[in-house]
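For reference, each letter of the sequence shown is one residue, going 1 to 329 in full-length UniProt numbering.
The structure under discussion appears below in the form of structure tokens.
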Amino acid sequence: MIKNRTAVISGFVGVFGILVGSAASGLAGLGLVDVVLQSLPVPAGFPVEQFFAHWWVFPASILFSLVALSSGVSGALFFSPFFMLVVGLSPSQAIGAGLLTEVFGMGNGLLNYVRQRTVDYATAKWLLLGAVPAVVVGAFAAHHVPTTLLTIAFGAGLLLLGTFLVYYDPPEKCVPGEGEGTFLEEKNTGRGETVIETTDGETFRYDTCWRPPGLSLATAGGFITGLISAGLPEITTTQLIVRCRLPPRVAIATSVFVLAIAAIAGAAVHALAATPVWYVVAWSIPGVLIGGTVGTRVGKYVPSEIMEPALGIVFAIVGVMVLGSEVLV
1 MIKNRTAVIS GFVGVFGILV GSAASGLAGL GLVDVVLQSL PVPAGFPVEQ
51 FFAHWWVFPA SILFSLVALS SGVSGALFFS PFFMLVVGLS PSQAIGAGLL
101 TEVFGMGNGL LNYVRQRTVD YATAKWLLLG AVPAVVVGAF AAHHVPTTLL
151 TIAFGAGLLL LGTFLVYYDP PEKCVPGEGE GTFLEEKNTG RGETVIETTD
201 GETFRYDTCW RPPGLSLATA GGFITGLISA GLPEITTTQL IVRCRLPPRV
251 AIATSVFVLA IAAIAGAAVH ALAATPVWYV VAWSIPGVLI GGTVGTRVGK
301 YVPSEIMEPA LGIVFAIVGV MVLGSEVLV
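Here is the structure:
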């Protein structure tokens, strides 16, 4: 279950270079972009000057979405710290913009899973019972807790999620049921059989899981997602496999389905609680649509056993930076 880390450092160097380089991509070509954009009609009251000044969010969003989808990591793990540390948004603004961007970015992946019929809808219903109310509570909390506490929670969350990515195998490498233990093995037995028949002819048969542990994990993941815009898929996917016997392909599809609905609820709360930062998300949303289209095609060529732990190290470092920026000031 714990991954082989021999290739982590080499992957980390490449990923860290990509993430840092993307922030610098906005330094070139600004004049040409301004000329093109100023010739286009814009809605009344739209912050045109701020919009022009943040054009570089577009290529960065393409890159982040491509890396996120090709590695199987939640896109909000990229966008929220990017919006906070590079764009300069407040923590609540960055979290809301990250969730709103993720809602659009996950469309391609979700549609593919639904078309392939790989979602365990019976399990997803139980997960949603915990995830949706929790993400709403977390999103409201993000706008009412003091900025300092939210920043510390955000940095700590990134650090923990980064550690999780380094510590655990990618979902595709996990063995169903390997971490359930004697108690869960007894609880997971005798509850019937779940059968998933995909459109490509593959059939999955497994014992129907005892669902309260998954409900608890989804509740925790939903609250963290509402609070810092990431955490639900990272927490639930691997645990559905190692403690609930779901095949990796089904667990991933089910987690994405749950995240899609929960993220919509969280993004709606953030949008109602504060004015969305449209001059940023107007660039990030089309960026993730393009990056997502490419990412779903290149993902099968990316070695997840290298990419995920490398990204985990990056996110842990960013988490430390966020904590340092608040604690050391």
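Note that the Cβ used here is the ideal one computed from N, Cα and C, for glycine as well.
Because the structure is a prediction, the values reported are computed rather than measured.
Between Ala-142 and Ile-235, the alpha-carbon positions lie close to 20 Å from each other. The beta-bridge partner set that DSSP reports for Asp-207 consists of Glu-193.
Looking from the CA of Trp-56, the closest CA among Val-67, Ala-76 and Phe-82 belongs to Phe-82. Residue ranges of uninterrupted alpha helix (DSSP H) with 4 or more members, entirely inside the region 214 to 263 and ordered along the chain, are 232 to 242.
Taking a C-beta distance under 8 Å as the contact criterion, Thr-199 and Gln-116 qualify as a contact pair. Pro-276 sits in coil when the DSSP states are folded into three classes, being neither helix nor strand. CA-to-CA, the gap between Pro-276 and Ile-95 works out to about 10 Å.
Shown here, Val-119 sits in coil according to DSSP, grouped into three states, outside any helix or strand.
Ranking Ser-92, Ala-265, Ser-255 and Ala-139 by CA distance to the CA of Leu-215 puts Ser-255 first. Judged by pairs of C-beta atoms under 8 Å, the region 149 to 159 does not touch the region 272 to 292, as fewer than three such pairs exist.
Of the residues Leu-323, Ala-268 and Ala-273, the one whose Cα lies closest to the Cα of Thr-101 is Ala-268. Scanning Val-67, Glu-49, Leu-77 and Ile-62 for the CA closest to the CA of Ala-316 turns up Leu-77. The beta carbon of Val-136 sits closer than 6 Å to those of Ala-265 and Val-269, all from its chain and outside the five residues before and after it, given in chain order.
For Gly-130 and Leu-85, the gap between their C-alpha atoms comes out near 31 Å. If you draw a straight line from the Cα of Lys-187 to the Cα of Arg-211, it comes to about 9 Å.
Exclusion of the five residues before and after Ala-260 leaves Met-106 and Leu-110 as the residues of its chain whose Cβ lies within less than 7 Å of its Cβ. Judged by beta-carbon spacing, Thr-147 lies within the 8 Å limit of Pro-91, meaning their Cβ atoms are closer than that value. Of the candidates Val-114, Leu-89, Thr-208 and Ala-310, the residue whose Cα lies closest to the Cα of Trp-126 is Thr-208. For Ile-313, the closest alpha carbon among the candidates Tyr-206, Ala-53 and Phe-164 is that of Phe-164. Bounds of the alpha helix (DSSP H) holding Glu-185 are 181 to 187.
If you ignore the 5 residues before and after Gln-93, its C-beta comes within less than 6 Å of the C-beta of Val-277, all in its own chain and listed in chain order. The beta carbon of Leu-240 sits closer than 6 Å to those of Leu-246 and Ala-251, all from its chain and outside the five residues before and after it, given in chain order.
Apart from the 5 residues on each side of it in sequence, Glu-202 has no Cβ closer than 7 Å to any other Cβ in its chain.
In the displayed model, Val-318 falls within a helix according to three-state DSSP. Taking C-beta atoms under 8 Å as the contact rule, Ala-262 and Gly-231 fail to qualify, at a distance of about 10 Å. If you compare the alpha carbons of Pro-213, Val-166, Glu-197 and Tyr-167 with that of Leu-184, the shortest gap goes to Pro-213. Residue state for Val-57 is assigned as helix, using DSSP reduced to three classes.
In the three-state reduction of the DSSP assignment, Glu-102 falls in the helix class. Pairing Ile-228 with Phe-154 gives a Cβ-Cβ distance under 8 Å. The Cβ-Cβ distance between Val-258 and Ala-139 does not fall below 8 Å.
Within the same chain, and ignoring the five residues on either side of Ser-65 in sequence, the residues whose Cβ sits closer than 7 Å to its Cβ are Gly-75, Gly-105, Gly-287, Val-288, Gly-291, Gly-292 and Gly-295.
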